[in-house]
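In the working numbering, the protein residues as written are 11 to 88.
Glycine residues also receive a C-beta, built at the ideal position from the N, C-alpha and C atoms.
Below is the structure:
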């Protein structure tokens, strides 16, 4: 029962991080529509402004790391 509760915790955390990542990408897309000139400040900012690069990339990497951890814990539970 304890392992099941822990697995549910990681699952909820994973879902929350993916929702956070999705919201970050939606915010970046809206900002690009409002300020299209900021899109071309660097090579990496073809799709989003420079100031948002770190936020978008770090949120995606963090959510992926938590996804891998959640799947690993889930495999231990079964």
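I need the DSSP call for residue i, collapsed to helix, strand or coil.
{"i": "residue 53", "result": "Only weak support exists for where residue 53 lies, its pLDDT of 44 falling under 50; the coordinates are left without a value."}
Within 10 Å of its beta-carbon, does residue i have 16 or more other beta-carbons around it, so buried, or fewer, so exposed?
{"i": "residue 72", "result": "exposed"}
{"i": "residue 27", "result": "buried"}
{"i": "residue 34", "result": "buried"}
{"i": "residue 24", "result": "buried"}
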